[in-house]
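S.K.: Numbering (the working numbering), first residue to last: 923 to 1073. Don't be surprised by glycine CBs; every beta carbon is placed ideally from N, CA and C. Questions regarding the structure given below will be posed in turn.
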Amino acid sequence: MDKANTKIIKAEDIHIDEVTRMAIDLWPDNEFEELKEEIIHMIDSEKDVFFISTMGENIVGFIHMAIRTDYVEGSSTSPVGFIEGIYVKPAYRYKGIGKELVAKGEEWAKSKGCKEVGSDILLDNKDSYNFHCKVGFKEANRLICFIKDIR
923 MDKANTKIIK
933 AEDIHIDEVT
943 RMAIDLWPDN
953 EFEELKEEII
963 HMIDSEKDVF
973 FISTMGENIV
983 GFIHMAIRTD
993 YVEGSSTSPV
1003 GFIEGIYVKP
1013 AYRYKGIGKE
1023 LVAKGEEWAK
1033 SKGCKEVGSD
1043 ILLDNKDSYN
1053 FHCKVGFKEA
1063 NRLICFIKDI
1073 R
């Protein structure tokens, strides 16, 4: 990775469409316009932040961090910084961009008074599991969630 050509900056309104396109790749069950509206509401929030990684003029990845004050599995403090989503475009993976995005997210979480950062993944997402381990996370628990419609 060309560190001189790579920057991590806070996403702004002008980045919303590209962040949304990457978010759709990460969460394909969402509709573009609905997800864009969510991002618009979060981008200026005090409890959420989006950082983007740029190489030259290209946006190549993002991290969405949030401050959680409810219990975060495995945590012993509150508030906790939480990685709500992290994505690097396939052509730019394995170049340290994800690690840099996490470091920027951790820096932001510390500035908000957090002593821990949490994250979660789907059980069968081995790539994400390996990434989390590689950047210093330790597995806290495995959880199966249930829902029942009572309408």
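Whose C-beta lies closer than 6 Å to the C-beta of M977 among residues of the same chain, with five residues either side of it excluded?
M.R.: N927, T928
S.K.: Go ahead and pull the three-state DSSP assignment for D951.
M.R.: coil
S.K.: Could you spell out the range, first to last residue, of the alpha helix (DSSP H) harbouring A1013?
M.R.: Unbroken run through A1013: none, as it is neither H nor E.
S.K.: Output needed for G1040: all residues of its chain with C-beta closer than 8 Å, excluding positions within five of it in sequence on either side, in chain order.
M.R.: R990, V994, E995, G996, S997, V1002, G1003, F1004, I1005, A1062
S.K.: Is V971 near I1019, with beta carbons less than 8 Å apart?
M.R.: no
S.K.: Can you tell me whether E1032 is buried or exposed? The criterion is at least 16 other CB atoms within 10 Å of its CB, across all chains shown.
M.R.: Checking the displayed sequence, the identity of residue 1032 turns out to be Lys instead of Glu. So K1032 ends up on the exposed side.
S.K.: Could you spell out where the alpha helix (DSSP H) holding D970 opens and where it closes?
M.R.: Here D970 belongs to no alpha helix (DSSP H); instead the beta strand (DSSP E) covers 970-977.
S.K.: Between Y1051 and the rest of its own chain, which residues show a CB-CB distance below 7 Å, the 5 nearest in sequence each way excluded?
M.R.: I1043
S.K.: Using a threshold of 8 Å, state whether the C-beta atoms of F1068 and L1023 are closer than that.
M.R.: no
S.K.: Under 8 Å, do F984 and Y1009 count as touching if we go by C-beta distance?
M.R.: yes
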